[in-house]
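There are 2 protein chains.
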Amino acid sequence: MKGIRRLAQHLDISIGTVSRALNGRPDVNEDTRKRVLEAAVELGYVPNQSGRSLRQGTTNTIGLMMESSAQTVENSDNFFMGVVDGAQSVFARHQLDLILLPCSTDEDPNAYLQRIVARRLVDAMIISATRKIDKRIDMLEKAKIPFIALGRSESGHNPPWLDLDFEGVASRAIDRLVGRGHRRIAIAVPHNEANLGYIFLDGYKQALARHGLAFDPDLVTRTSSSEQGGYFAADELLRSGKQPTAILLIYEVMAIGLYRRLAEAGIHAGRDFAVIGFRESPQSRFLSPPLTCFRLSLRDLGIALAESLLASMPSFKHHYPQTPAHRIWPMELVEGESDAFELPVKNQA
Amino acid sequence: MKGIRRLAQHLDISIGTVSRALNGRPDVNEDTRKRVLEAAVELGYVPNQSGRSLRQGTTNTIGLMMESSAQTVENSDNFFMGVVDGAQSVFARHQLDLILLPCSTDEDPNAYLQRIVARRLVDAMIISATRKIDKRIDMLEKAKIPFIALGRSESGHNPPWLDLDFEGVASRAIDRLVGRGHRRIAIAVPHNEANLGYIFLDGYKQALARHGLAFDPDLVTRTSSSEQGGYFAADELLRSGKQPTAILLIYEVMAIGLYRRLAEAGIHAGRDFAVIGFRESPQSRFLSPPLTCFRLSLRDLGIALAESLLASMPSFKHHYPQTPAHRIWPMELVEGESDAFELPVKNQA
DNA sequence: CATAGTACCGTAAACGTTTACGGAAATCAG
DNA sequence: CTGATTTCCGTAAACGTTTACGGTACTATG
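One line per chain: the protein sequences are A and B, in this order. My numbering numbers the first residue of the first sequence as 979 and each following residue consecutively. My numbering numbers the first residue of the second sequence as 979 and each following residue consecutively.
Printed below as a string of structure tokens:
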């Protein structure tokens, strides 16, 4: 005898009552409930998830899909862990477990998600690294699985998403640099088709236009999100002959490689050349010079994601206010020393 | 009509045959099998996992537990993703899905794992950040869940594990430093009770002894695995008055903060002071100076983990040779410039 | 042609839960 | 005291699969 039957037998009670007691149903005597609860911990009984899922059609599990390919693997340092921790604190309130679903580099992300969804492993999904056109969104809509995207997209019918404020950051960074005399400002964006690249670039272009500066494609460098990417970005710009005096980095890890390449050319970041990173990372303040960048609370971001998702799930929506379908997450400037100088007028040509 | 019944009806065939066809059973006509397979993709049928699990008592899912607290969150950059990618490539061969189970900072790791196991979410587990005494191991043994630990432990009955070569690295690093004239070599280990700290320290002590050098507790600094940890470690050593001339870092991210603090004191890493890191990270070669450290293939590590685990699972063991219960993963020296100098004799006092 | 064997397929039970339904005992209203 | 209501609990069906078992039609064997 196993499972709930064992517990029922041990208490000399029916399995129905045991189940009701454990699930907090009202129609069970409080004394019996207490007995059941105690016996459950005593015998170490926890309901088998397959049984519950089969009966209820629900798994009490939320999935967060992450792609090991693309940006993620190179750039994931702590990002996901921070978000996950925040999200979990919300899900835990409803006995929901968050599991991370890593799509391996060998597998097609769409096929992967399709499989997960069809197997009904999860009740709802958080997807990340969303693309401008993302088939995963169409699929999730079709399968009627509640979901939220971390990263905006144009697929589907107005899907809910939450995204970082790429435009805002690019815009403010440009304002800052222009204010200090810079005119030829480079920008580093991902070399793949990642959505954030376009958005970041848009913010950059618009800010330039606002200041009456021309957009020069030669000042756009496409790189991988790694230290090496930063190294090559600097290398490319140095060779280009365009002589930029500043750069915006979409991935802050690039700063290390960039600093290095500049140093090799005798250029001193923070004195001869300004650098602004996108997101603050633990290392930002320990670089030489400390990197000017933008801060956000990953934990709060995770909480917001989780709450938005729950607000769209029939069983939980009454707990949460309806949130706007799209949210741009604000980021706060952290002043470092990597851009803390006025550009001499002779260089402003 | 849904699920397998729908498919059966559509084909005018019994559900038993459909199931057999899909599961590759021998007693089904090859023509029917083909028809079933085709109809399955046409109707987009994928067996409901709860149904299968309930019937078979197996979930086709392997869990990898990671703790967001402790080392992980601060130090996880790419480490897990690399391992996961390797492990997945093995599991995929057997239609097993690997899911990541993040234990939140708010929850007790033992209770968390207990719950996951009792719910029968997974067929087997990989646990990480193993402690010297780790109750998770006793629990998994008791629950008879196949598992392997990433990190050695003394709990349980000779549990299978795989671990990095902390002793070997410490030992080789000391040899190198001593060979270049260093006598007062500091070491940075985690400030928490993490197992790896003791092991790393042991290797360090033994190597010192081998060279006839005394162990000085003042040269041991306990830090967090972060840039900030490196900064404070350097700070502490500078204040101690012990004047070490070299340091071994268990977490390579510390190098950034350490370099910075040294620079603030007018000390030039790689010229006046030698630094050796434990594991190579993407940034190692872009630091100034590039960090001498030790390399391993995360992907291969993941593959080894997965294969060892499968070798211990009844349903798969015939595919895999029995591996030794314990394995120390070798690491290969990567020469940087952070220790590339001979210590002047006057400093060797 | 009779028999044995084989190839294929349908039926139904089982996995561990939850929950609709109905019933017994207790309580309440009059 | 009777009838109505409430409180609590047991019974059994249902969720979607897999698989043991048995049966039918065909093939091979003598």
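Ideal placement from N, C-alpha and C gives every residue a C-beta, glycine not left out.
Worksheet item: Does the beta carbon of residue 1235 of chain A come closer than 7 Å to any beta carbon on chain B?
Response: Against the first sequence, residue 1235 of chain A aligns to sequence position 257. With 7 Å as the cut-off, residue 1235 of chain A counts as an interface residue toward chain B.
Item to complete: Determine the burial state of residue 1141 of chain A: buried for a count of at least 16 other Cβ atoms within 10 Å of its Cβ, exposed for fewer.
Response: Here residue 1141 of chain A refers to the residue found at position 163 when the first sequence is read from its first residue. Counting Cβ neighbours within 10 Å, residue 1141 of chain A comes out buried, since at least 16 surround it.
Practice prompt. Determine, using beta carbons only, whether residue 1061 of chain B comes closer than 7 Å to chain A.
Written response: Here residue 1061 of chain B refers to the residue found at position 83 when the second sequence is read from its first residue. Output row for residue 1061 of chain B: interface = no.
Worksheet item: Any idea what DSSP makes of residue 1039 of chain B, helix, strand or coil?
Response: Counting from 1 along the second sequence, the entry for residue 1039 of chain B is found at position 61. Note: residue 1039 of chain B maps to strand in three-state DSSP.
Worksheet item: Does residue 1031 of chain A get closer than 7 Å to chain B when you measure Cβ to Cβ?
Response: Counting from 1 along the first sequence, the entry for residue 1031 of chain A is found at position 53. Closer than 7 Å: yes.
Worksheet item: Are the C-beta of residue 1068 of chain B and some C-beta of chain A separated by less than 7 Å?
Response: By one-based count along the second sequence, residue 1068 of chain B stands at place 90. Closer than 7 Å: no.
Item to complete: Can you check the segment 1129-1160 of chain B for any beta strand (DSSP E) of at least 3 residues that lies completely inside it and give the ranges in chain order?
Response: 1139-1142
Item to complete: For the alpha helix (DSSP H) holding residue 1287 of chain A, just list the boundary residues, first then last.
Response: To locate residue 1287 of chain A, count along the first sequence from 1; it is residue 309. Segment 1276-1289, the alpha helix (DSSP H) holding residue 1287 of chain A.
Worksheet item: residue 1151 of chain A and residue 1226 of chain A: beta carbons closer than 7 Å?
Response: If you number the first sequence from 1, residue 1151 of chain A lands on position 173. If you number the first sequence from 1, residue 1226 of chain A lands on position 248. Closer than 7 Å, so yes.
Worksheet item: First and last residue of the alpha helix (DSSP H) that includes residue 1262 of chain A?
Response: Translated into positions along the first sequence, residue 1262 of chain A becomes position 284. Careful: residue 1262 of chain A lies outside any alpha helix (DSSP H) and carries neither H nor E.
Discussion item. By the three-class DSSP mapping on this structure, what secondary structure does residue 1186 of chain B have?
Written reply: Residue mapping note: residue 1186 of chain B aligns to position 208 of the second sequence, counting from 1. If DSSP states are grouped into helix, strand and coil, residue 1186 of chain B belongs with the helices.
Discussion item. Using beta carbons (cut-off 7 Å, strictly below), is residue 1024 of chain A in contact with chain B?
Written reply: Numbered from its first residue, the first sequence carries residue 1024 of chain A at position 46. Yes, residue 1024 of chain A counts as interfacial toward chain B.
Practice prompt. Would you verify that the beta carbon of residue 1078 of chain B is, or is not, closer than 7 Å to some beta carbon of chain A?
Written response: In the second sequence, residue 1078 of chain B corresponds to position 100, counting from 1. Judged by the 7 Å Cβ criterion, residue 1078 of chain B is in contact with chain A.
Item to complete: For my contact list, residue 1065 of chain B and residue 1284 of chain B are in at a C-beta cut-off of 8 Å; report their separation, rounded to the angstrom.
Response: Within the second sequence, residue 1065 of chain B is the residue found at index 87, counting from 1. Within the second sequence, residue 1284 of chain B is the residue found at index 306, counting from 1. With 8 Å as the limit, residue 1065 of chain B and residue 1284 of chain B qualify as a contact, their Cβ atoms being about 4 Å apart.
Practice prompt. Please state whether DSSP places residue 1087 of chain B in a helix, a strand or coil.
Written response: For the purposes of this step, residue 1087 of chain B is identified with residue 109 of the second sequence, where counting begins at 1. Correct three-state label for residue 1087 of chain B: helix.
Fill in: For residue 1092 of chain B and residue 1255 of chain B, the rounded distance between their alpha carbons
Position 277 of the second sequence, counted from the start, is the residue given in the question as residue 1255 of chain B. Position 114 of the second sequence, counted from the start, is the residue given in the question as residue 1092 of chain B. The alpha-carbon atoms of residue 1255 of chain B and residue 1092 of chain B are separated by roughly 36 Å.
Worksheet item: Is it true that the CB of residue 1136 of chain B sits closer than 7 Å to the CB of residue 1303 of chain B?
Response: In the second sequence, residue 1303 of chain B corresponds to position 325, counting from 1. In the second sequence, residue 1136 of chain B corresponds to position 158, counting from 1. Yes, the Cβ-Cβ distance between residue 1303 of chain B and residue 1136 of chain B is below 7 Å.
Practice prompt. Indicate whether at least one CB of chain A lies closer than 7 Å to the CB of residue 1258 of chain B.
Written response: Here the question's residue 1258 of chain B lines up with position 280 in the second sequence. No, because no Cβ of chain A sits closer than 7 Å to the Cβ of residue 1258 of chain B.
Worksheet item: So which of B:1031, B:1223, B:1264, B:1260 has the shortest CA-CA distance to residue 1245 of chain B?
Response: Position 267 of the second sequence holds residue 1245 of chain B. Checking every option, the nearest Cα to that of residue 1245 of chain B belongs to B:1223.
Worksheet item: Given that a residue counts as buried once 16 or more other Cβ atoms are within 10 Å of its Cβ, and exposed if not, what is residue 1205 of chain A?
Response: Here residue 1205 of chain A refers to the residue found at position 227 when the first sequence is read from its first residue. By the 10 Å Cβ count, residue 1205 of chain A comes out buried.
Worksheet entry | Among B:1180, B:1220, B:1210, B:1202, the one whose alpha carbon lies nearest that of residue 1196 of chain B | The count along the second sequence starts at 1 and reaches residue 1196 of chain B at position 218. Ranking B:1180, B:1220, B:1210, B:1202 by Cα distance to residue 1196 of chain B puts B:1220 first.
Practice prompt. Excluding the 5 residues preceding and the 5 following residue 1276 of chain A in the sequence, name in chain order all residues of the same chain whose CB lies nearer than 7 Å to its CB.
Written response: Start at 1 with the first residue of the first sequence, and residue 1276 of chain A comes out as number 298. Closer than 7 Å at Cβ, skipping near neighbours: 1057, 1060, 1061, 1064.
Item to complete: Output yes or no for whether 7 Å exceeds the beta carbon distance between residue 1249 of chain B and residue 1209 of chain B.
Response: Walking along the second sequence from the start, residue 1249 of chain B turns up at place 271. Walking along the second sequence from the start, residue 1209 of chain B turns up at place 231. Cβ distance not < 7 Å, so residue 1249 of chain B and residue 1209 of chain B don't count as in contact.
Item to complete: Check whether the Cβ atoms of residue 1165 of chain A and residue 1176 of chain A lie closer than 7 Å to each other.
Response: Looking up residue 1165 of chain A in the first sequence gives position 187. Looking up residue 1176 of chain A in the first sequence gives position 198. No, the Cβ-Cβ distance between residue 1165 of chain A and residue 1176 of chain A is not below 7 Å.
Fill in: Own chain partners of residue 1186 of chain B with C-beta closer than 6 Å, once the 5 adjacent residues on each side are dropped
Along the second sequence, read from residue 1 onward, the residue named residue 1186 of chain B stands at position 208. These residues qualify, in order along the chain: 1193.
Worksheet item: Relative to the alpha-carbon of residue 1134 of chain A, which residue among A:1145, A:1213, A:1144, A:1121 has its alpha-carbon at the smallest distance?
Response: Residue 1134 of chain A sits at position 156 when you count from the first residue of the first sequence. Of A:1145, A:1213, A:1144, A:1121, the residue nearest in Cα terms is A:1121.
Fill in: Start-to-end residues for the alpha helix (DSSP H) that takes in residue 1031 of chain A
Indexing the first sequence from 1 puts residue 1031 of chain A at position 53. It spans 1027-1034 - the alpha helix (DSSP H) in which residue 1031 of chain A sits, taken as one unbroken run.
Worksheet entry | Three or more C-beta pairs below 8 Å linking the segment 1278-1295 of chain B and the segment 1315-1326 of chain B | no
Discussion item. Does residue 1050 of chain B come out as helix, strand or coil in the three-state DSSP assignment?
Written reply: Reading the second sequence from its first residue, position 72 is the one you call residue 1050 of chain B. Low confidence applies here, because residue 1050 of chain B scores a pLDDT of 42, under 50, leaving its location unreliable and the question unanswered by this model.
Discussion item. Taking the alpha-carbon of residue 1087 of chain B as reference, which of B:1300, B:1112, B:1211 has the nearest alpha-carbon?
Written reply: Sequence index remark: in the second sequence, residue 1087 of chain B carries index 109 (1-based). Looking at the Cα atoms, B:1112 is the closest of the given residues.
Worksheet entry | For residue 1075 of chain B, three-class secondary structure by DSSP | Here residue 1075 of chain B refers to the residue found at position 97 when the second sequence is read from its first residue. Strand, per DSSP.
Worksheet entry | For residue 1021 of chain B, three-class secondary structure by DSSP | As a working note, residue 1021 of chain B is residue 43 in the second sequence. In the structure shown, residue 1021 of chain B sits in a helix (DSSP, three-state: H, G or I).
Worksheet item: Looking only at its own chain, which residues have a Cβ that is under 6 Å from the Cβ of residue 1216 of chain B, when we skip the five neighbours before and after it?
Response: As a position in the second sequence, residue 1216 of chain B is number 238, starting the count at 1. The residues are 1243.
Worksheet item: If we ignore side chains and look at the alpha-carbon of each, how far apart do residue 1078 of chain A and residue 1038 of chain A end up?
Response: On the first sequence, residue 1078 of chain A is found 100 positions in, with the first residue counted as 1. On the first sequence, residue 1038 of chain A is found 60 positions in, with the first residue counted as 1. Going by the C-alpha atoms only, they are around 14 Å apart.
Worksheet item: Since residue 1209 of chain B meets chain A, which of its residues come closer than 7 Å, beta carbon to beta carbon?
Response: Translated into positions along the second sequence, residue 1209 of chain B becomes position 231. Here the neighbours are 1264.
Item to complete: Ignore the nearest five residues each way along the sequence and tell me which others in residue 1169 of chain A's own chain have a CB closer than 7 Å to its CB.
Response: Within the first sequence, residue 1169 of chain A is the residue found at index 191, counting from 1. 1200, 1201, 1202, listed in sequence order.
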